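Chains as they are written, first to last, in the working numbering: chain A, 79 to 365; chain B, 12 to 311.
Note that beta-carbon positions come from the ideal geometry of N, C-alpha and C, so glycine has one too.
On a predicted model such as this, the values are computed, not experimentally measured, just so you know.
Working notes, beginning with the structure itself.
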């Protein structure tokens, strides 16, 4: 029985209410899903059909648009670049973030609060404000236009430090102290006691940052110029500039977008609950 | 006793120093090199005339700021930033809340709806902005086909300075709506049911319950979303770069885009970093404003 709202309204109002609800949700979902649908439909059209506004569904699906992206374009290479660079970055972010969060929560030291205040302040600052000096640092180190530069400049995630700190604070301090009494090092306490207990925060952290890094555009596009090092967003843009905006191959551009977007939607379908629970839990951050 | 106790405490503090450093430095060094130092360096560069190519530069004081304040482009960009931030923040939060209210009680298919509504958030902004460019095509784009079918007159969308900002705002709302909805869903689930029972006993209407119980209970989430959406909007780049490149005739040039053009296209590093510093100040000012205002309406 649901006691949230009083259901004393007359039947007619309830029917109208349900209809209104269905209408709003329907419009919102059509608005949200339409670009995806249009992308897929457009990707299967011929050059002539795609420019003909009377053709909604492709009369004769051009599957070769998709296969030519998969086998004869640089898009799969960009996807691969994005994939492994993001995995490397997220792995480093998890290790460095978990260690800092552990130190903030379980190792009492004098500058604890100051350190957390610094981390917190950087969370809200516009990251773009760091780009010019960071660019110069990478240039000085000879790391522009390289995977090394992409990875080394992103080894820390402030969002992740927050998320883990928040989760670690829920763990009774006694557990860690007991493990220490038994002779476990801090390193082992972190990975064998704290980490398993906050597994869901680690998964949320990993997934959110993987998606974020995978999709990242501005910073990678500033520091890489050679297409060998393009991540997927920049690669897609190069493809778009060549064939879409200033060309006529809209169907191929849509096929490329579909090849990039659909795997992410599938990944999301399987991991949805980690995003939704993880994001929801994050609101308890203040205090 | 006291001596040895003090000694032990002394030892304890310094015994732990290597451990603390070991745990703090892997994150702190990158934080210092790629966050803290660059912010400081940006502030310094904003007082110089550095052009990126020459090895030397002069310190020119406030000149960069003064010439920005004399430049109408700067005020245009500032105005566009505020319009874009307000234009994305308010609809995202209001519509996100409405959708969450409709989906908080699960029903058959509500999981699929949540999936659809959240999916834009995980897709690359670049990919999806390319799709929107195609949708917004003034001549033969599906957006105009739909408008015409509905009996409205077609728009020029991203190719006219009157509607380009609107187009960028639509794409941004489309992308962030589901994110706000997810936050509100989890906040709404946490509102204690007893509050509504008490409200119902008092004979409060559903509207009264919404304004007296629901809104105050979820106010921390609203506040959090306002800050996050604001920070994201102030930093929006991907969709602007793909859809309009700041145009037509500068109508979608925000401060961030101006910073990009000054720094990475014109190599006017002094002025670019001055814009960056102004962006930082703007973020801080708007955050402080929201924190101050939040004392009046956020209930923890």
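Could you check which residue in the options has the C-alpha nearest to that of residue i?
i: residue 114 (chain A); options: B:143, B:258, B:112, B:284; result: B:143
i: residue 298 (chain B); options: A:175, A:204, A:192; result: A:204
i: residue 228 (chain A); options: A:196, A:347, A:94, A:292; result: A:292
i: residue 307 (chain B); options: B:230, B:256, B:270; result: B:230
i: residue 137 (chain B); options: B:286, B:247, B:193, B:116; result: B:247
i: residue 275 (chain B); options: B:55, B:101, B:63, B:57; result: B:63
i: residue 329 (chain A); options: A:143, A:266, A:132, A:175; result: A:143
i: residue 6 (chain B); options: B:243, B:31, B:280; result: Only positions 12 to 311 of chain B appear in the structure, and residue 6 (chain B) is not among them; the question remains open.
i: residue 241 (chain A); options: A:278, A:264, A:251; result: A:278
i: residue 285 (chain A); options: A:162, A:346, A:230; result: A:346
i: residue 312 (chain B); options: A:149, A:162, A:121, A:306; result: Because chain B here runs from 12 to 311, residue 312 (chain B) falls outside it and cannot be looked at.
i: residue 203 (chain B); options: B:225, B:217, B:212; result: B:225
i: residue 251 (chain A); options: A:320, A:153, A:183; result: A:183
i: residue 313 (chain A); options: A:93, A:94, A:151; result: A:151
i: residue 66 (chain B); options: A:261, A:307, A:218; result: A:218
i: residue 165 (chain A); options: A:225, A:215, A:265; result: A:225
i: residue 285 (chain B); options: B:159, B:146, B:128, B:79; result: B:79
i: residue 113 (chain B); options: B:221, B:283, B:68, B:148; result: B:221
i: residue 318 (chain A); options: A:268, A:307, A:332; result: A:332
i: residue 287 (chain B); options: B:40, B:48, B:28, B:54; result: B:54
i: residue 89 (chain B); options: B:28, B:296, B:295, B:290; result: B:290
i: residue 97 (chain B); options: B:45, B:184, B:132, B:57; result: B:184
i: residue 298 (chain A); options: A:221, A:265, A:145, A:147; result: A:221
Pull up the distance between the alpha-carbon of residue i and that of residue j, whole angstroms please.
i: residue 110 (chain A); j: residue 33 (chain B); result: 46 Å
i: residue 267 (chain B); j: residue 241 (chain B); result: 13 Å
i: residue 177 (chain B); j: residue 168 (chain B); result: 8 Å
i: residue 43 (chain B); j: residue 239 (chain B); result: 23 Å
i: residue 281 (chain A); j: residue 141 (chain A); result: 36 Å
i: residue 136 (chain A); j: residue 123 (chain A); result: 5 Å
i: residue 101 (chain B); j: residue 167 (chain A); result: 34 Å
i: residue 349 (chain A); j: residue 288 (chain A); result: 12 Å
i: residue 79 (chain A); j: residue 209 (chain B); result: Confidence is the limiting factor: at residue 79 (chain A) the pLDDT is only 42, short of 50, which leaves the residue's position unreliable, though a coordinate-based value still follows. Answer to the nearest angstrom: the Cα atoms are 16 Å apart.
i: residue 15 (chain B); j: residue 191 (chain A); result: At residue 15 (chain B) the pLDDT is 48, less than 50, meaning the model places this residue with poor confidence; the figure from the coordinates comes in the next sentence. Using only the alpha carbons, I get a separation of about 29 Å.
i: residue 190 (chain B); j: residue 107 (chain B); result: 8 Å
i: residue 128 (chain A); j: residue 118 (chain A); result: 12 Å
i: residue 311 (chain A); j: residue 263 (chain A); result: 42 Å
i: residue 340 (chain A); j: residue 157 (chain A); result: 12 Å
i: residue 343 (chain A); j: residue 134 (chain B); result: 7 Å
i: residue 231 (chain A); j: residue 206 (chain A); result: 13 Å
i: residue 250 (chain B); j: residue 121 (chain B); result: 29 Å
i: residue 233 (chain A); j: residue 37 (chain B); result: 9 Å
i: residue 272 (chain A); j: residue 304 (chain B); result: 38 Å
i: residue 94 (chain B); j: residue 82 (chain B); result: 19 Å
i: residue 270 (chain B); j: residue 223 (chain B); result: 44 Å
i: residue 146 (chain A); j: residue 338 (chain A); result: 14 Å
Bridge partners for residue i per DSSP, in chain order?
i: residue 59 (chain B); result: B:70
Residues of chain A with CB under 8 Å from residue i, in chain order?
i: residue 280 (chain B); result: 210
i: residue 274 (chain B); result: 209, 210
i: residue 283 (chain B); result: 210
What residues from chain A crowd round residue i, counting only those whose CB sits closer than 7 Å?
i: residue 151 (chain B); result: 129, 131
i: residue 270 (chain B); result: 206
i: residue 49 (chain B); result: 208, 211, 212
i: residue 31 (chain B); result: 181, 185, 187
Find the residues of chain B that neighbour residue i, judging by a C-beta separation of less than 7 Å, and give them in chain order.
i: residue 113 (chain A); result: 139, 142, 143, 146
i: residue 117 (chain A); result: 142
i: residue 220 (chain A); result: Simply none; closest approach about 15 Å.
i: residue 180 (chain A); result: 34
i: residue 350 (chain A); result: 126
i: residue 328 (chain A); result: 145
i: residue 175 (chain A); result: 38
Along chain B, which residues have their Cβ under 9 Å away from the Cβ of residue i?
i: residue 205 (chain A); result: 46, 246
i: residue 141 (chain A); result: Chain B residues near residue 141 (chain A): none, gap ~19 Å exceeds 9 Å.
Given that residue i touches chain B, what residues does it touch there, using C-beta distances under 8 Å?
i: residue 99 (chain A); result: 113
i: residue 110 (chain A); result: 127, 128, 130, 131, 185, 188, 189
Could you tell me which chain A residues have their CB closer than 9 Å to the CB of residue i, listed as they occur along the chain?
i: residue 218 (chain B); result: Here the premise fails: no neighbours, minimum Cβ distance about 11 Å.
i: residue 102 (chain B); result: Simply none; closest approach about 12 Å.
i: residue 242 (chain B); result: 201, 202, 203, 204
i: residue 85 (chain B); result: Correct list: empty, because the minimum Cβ distance to chain A is about 16 Å.
Is residue i near the ligand HEM, judged by its Cβ being under 8 Å from some heavy atom?
i: residue 57 (chain B); result: No copy of the ligand HEM appears in this structure; indeed no ligand is present at all.
Practice task
Ignoring anything shorter than 4 residues or poking outside the stretch 106 to 142 of chain B, list the alpha helix (DSSP H) runs there in chain order.
Solution key: 121 to 133
Starting from the N-terminal side, write out each stretch of the alpha helix (DSSP H) that is 4 residues or longer and does not extend beyond the stretch 246 to 275 of chain B. 249 to 254, 266 to 271
Uninterrupted alpha helix (DSSP H) stretches inside the stretch 105 to 129 of chain A (no shorter than 4 residues): 125 to 129
*Sequence ranges, alpha helix (DSSP H) only - wholly within the stretch 127 to 164 of chain A, length at least 4*: 141 to 150
Original post:
In the stretch 150 to 197 of chain B, which residue ranges form an unbroken beta strand (DSSP E) of at least 3 residues, counting only runs that do not cross its ends?
Top reply: none
If you scan the stretch 200 to 250 of chain B from start to end, which runs of the alpha helix (DSSP H) of 4 or more residues do you find wholly inside it?
204 to 212, 217 to 220, 230 to 245
Report task. Identify every run of the beta strand (DSSP E) within the stretch 227 to 266 of chain A, keeping only runs that are complete inside it and at least 3 residues long; order them along the chain. Result -> none
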